[in-house]
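The structure under discussion appears below in the form of structure tokens.
Residue numbers (my numbering), protein chains in the order written: chain F, 465 to 743; chain V, 5 to 263.
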């Protein structure tokens, strides 16, 4: 089911040579003297979907929060849309974050607000007229196929539905960058596939640059090997076992990058740790 | 609790005071720039002010009653039972009204703020708020601060009034005093300085209740257990601060007004 909301944010077929959307340069951070990320450098180009893989506790969520400026690195620089997030004041970051959508690990919906108010939160903050805000919320909820839950509260819906509401909240303002922090974590395989289908739909319909953390390999490869068919409104495998060119991988282990490249490069890697991890 | 060196302990405490001071400063100055969350301020005024009315009325009334009852015993020895009105009015307006109202509202609202904001912290709702472009201090702390300071002022006036009324009930029904004499003495006992002293205290108490409650909420970590701990700490610290600041303000006011 193609959506107008997604089409509105199209950045189609942008050349990968353009200035990267996200750039990490020698970023390190430690908590209580425990190093979480060490000398991490990578970049994400416009229209790219970067899957961040790695064992639990490898610093993936920290990397996501660093990207959004929610925490500051101890050293190194982080640039998002060309602005140095690692050196910005919180007041300036609020403006930058208007261009970034984030899906949290445990959804992080405001439990005292209804689904509609959760999804419309940013629109209300921007004083969008009520009628327009409602229309955009309905559109975003249609995208995640949850328009029937608009009046419910987060406590009244399932974990998978909360995750979908969280995706709707992230995309309602047509962001230029979406950060998915383990959107399938803790969900059953069928619900996980539904969530991945939404990520694929967002990737293929609106071509939004995104970072997605997962520790489930099947979700990562599902994302890389499928595309969204706008005619059928379904996620389908890419013909001849192909992979999506805009989807790339970043593998973290113990706070260090062990792989940065395409799906083909990942599956043909000769790195012993990586081979064991992928096995 | 793990043992830490005095140096680490001292650094932690100083860092906490610094964080508290920064949070309080931002909470105060946020009102002078946009966006301002007026709807949240009015919601909090209703929740903190109107919601606390029953406990403040009950506490004030029975404190006035017991004050009249107890003081009458001592005053009787000097044959001055008729001065019960003076004693109740002075005690309620200068001390018991502001302090008891502060403590009751602290018990009800410091804990509420710490648990509400603490729950949001541990479920990443505060991070989500920041990610959605909203400053949690501006949205959550500033409305609570101004609502508490504003409403505690009026709650204290209510407590003073019902306390004097409670004292009157006891004085008339149990001590056999004339109601007119009681109220006349009460009115005569109070001077301008007493009223100023009594109404300055809730401004400080309100500030303490809101900033301490929100500070412990914002610093919550460690899941639901952490929320419980933050709630307890908020009430204890706010209550102790209220008593300490009450003493300091009393001393300052006595210095200014001479009584």
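No residue lacks a Cβ here, since even glycine has one placed at the ideal position from N, Cα and C.
**Item:** Backbone CA spacing between residue 544 of chain F and residue 260 of chain V [nearest angstrom]
**Value:** Cα to Cα, residue 544 of chain F sits roughly 57 Å from residue 260 of chain V.
**Boundaries (first-last residue) of the alpha helix (DSSP H) holding residue 582 of chain F** = Start and end: 579-583.
**Request:** Note the first and the last residue of the continuous beta strand (DSSP E) segment covering residue 621 of chain F.
**Result:** Careful: residue 621 of chain F lies outside any beta strand (DSSP E) and carries neither H nor E.
**Asked** From residue 494 of chain F to residue 537 of chain F, what distance separates their C-alpha atoms?
**Response** For residue 494 of chain F and residue 537 of chain F, the gap between their C-alpha atoms comes out near 8 Å.
**Item:** Contact with chain V by residue 699 of chain F, beta-carbon distance below 8 Å
**Value:** no
**Request:** Would you mind sorting residue 82 of chain V into buried or exposed? The rule is 16 or more other CB atoms within 10 Å of its CB.
**Result:** Exposed, by the Cβ-count rule.
**Message:** Here's the rule I'm using: 16 or more other beta-carbon atoms within 10 Å means buried, otherwise exposed. How should residue 591 of chain F be labelled?
**Reply:** Around the beta-carbon of residue 591 of chain F, fewer than 16 other beta-carbon atoms lie within 10 Å, marking it exposed.
**Message:** How far does the beta strand (DSSP E) with residue 712 of chain F in it extend, from its first residue to its last?
**Reply:** 711-717
**Item:** Per-residue burial, residue 700 of chain F [other beta carbons within 10 Å of its own, 16 or more giving buried]
**Value:** exposed
**Prompt:** How about residue 672 of chain F and residue 639 of chain F: do their beta carbons lie closer than 8 Å?
**Reply:** yes
**Item:** residue 618 of chain F versus F/573, F/609, F/611, residue with shortest Cα-Cα distance
**Value:** F/573
**Prompt:** Among residues of its own chain, excluding the 5 on either side of residue 97 of chain V, which ones have a beta-carbon nearer than 7 Å to its beta-carbon?
**Reply:** 164, 194, 198, 199, 202
**Message:** Using 8 Å as the threshold, is the C-beta distance between residue 72 of chain V and residue 180 of chain V below it?
**Reply:** no
**Item:** Length of the line joining the Cα atoms of residue 658 of chain F and residue 497 of chain F
**Value:** 39 Å
**Message:** With H, G and I counted as helix, E and B as strand and the rest as coil, what does DSSP make of residue 230 of chain V?
**Reply:** helix
**Asked** Measuring CA to CA, which of V/112, V/109, V/117, V/65 is closest to residue 92 of chain V?
**Response** V/65
**Message:** Residues of chain F with CB closer than 9 Å to the CB of residue 74 of chain V, please, in chain order.
**Reply:** Simply none; closest approach about 45 Å.
**Request:** State the CB to CB distance for the pair residue 708 of chain F and residue 691 of chain F, rounded to an integer number of angstroms; the pair is presumed to be in contact (CB under 8 Å).
**Result:** 6 Å
**Asked** Going along the segment 120-145 of chain V in order, which residues come within less than 7 Å of chain F, judged by CB to CB distance?
**Response** 127, 128, 129, 131, 132, 134, 135, 136, 137, 138, 139
**Message:** With distance defined between alpha-carbon atoms, name the residue in F/711, F/630, F/685 nearest to residue 668 of chain F.
**Reply:** F/711
**Message:** Determine, for residue 690 of chain F, whether the minimum Cβ-Cβ distance to residues of chain V falls below 8 Å.
**Reply:** The Cβ of residue 690 of chain F sits no closer than 8 Å to any Cβ of chain V.
**Message:** Output needed in chain order: residues of the segment 567-589 of chain F with a Cβ under 8 Å from some Cβ in chain V.
**Reply:** 568, 569, 570, 572, 573, 574, 575, 585, 586, 589
**Asked** When the Cα of residue 137 of chain V is compared with those of F/570, F/566, F/575, which residue comes out closest?
**Response** F/566
**Request:** Helix, strand or coil for residue 547 of chain F, going by three-state DSSP, please let me know.
**Result:** strand
**Message:** Out of V/252, V/61, V/88, which one is the CA nearest neighbour of residue 178 of chain V?
**Reply:** V/88
**Asked** Considering residue 698 of chain F, what are the terminal residues of the beta strand (DSSP E) in which it resides?
**Response** 698-701
**Request:** Taking 8 Å as the cut-off, decide whether the C-beta atoms of residue 483 of chain F and residue 546 of chain F are in contact.
**Result:** Their beta carbons are under 8 Å apart, which means residue 483 of chain F touches residue 546 of chain F by this criterion.
**Request:** Could you tell me the boundaries of the alpha helix (DSSP H) in which residue 534 of chain F lies?
**Result:** No alpha helix (DSSP H) holds residue 534 of chain F; DSSP gives it neither H nor E.
**Request:** Please report how far the alpha carbon of residue 601 of chain F lies from the alpha carbon of residue 663 of chain F, in whole angstroms.
**Result:** 18 Å
**Asked** Taking the alpha-carbon positions, what's the residue 250 of chain V to residue 225 of chain V distance?
**Response** 31 Å
**Item:** Same chain only: Cβ atoms within 6 Å of residue 742 of chain F, ignoring 5 sequence neighbours per side
**Value:** none
**Request:** Taking residue 31 of chain V as the reference, give the member of V/184, V/13, V/142, V/223 with the closest Cα.
**Result:** It is V/142.
**Span of the alpha helix (DSSP H) around residue 740 of chain F** = In the DSSP annotation of this structure, the continuous segment of the alpha helix (DSSP H) that includes residue 740 of chain F starts and ends at 736-742.
**beta strand (DSSP E) runs contained entirely in the segment 612-661 of chain F, provided each spans 3 or more residues** = Runs found: 641-644.
**Request:** Buried or exposed for residue 553 of chain F, please, with buried defined as at least 16 other CB atoms from any protein chain shown within 10 angstroms of its CB.
**Result:** exposed
**According to DSSP, residues forming a beta bridge with residue 494 of chain F** = F/499
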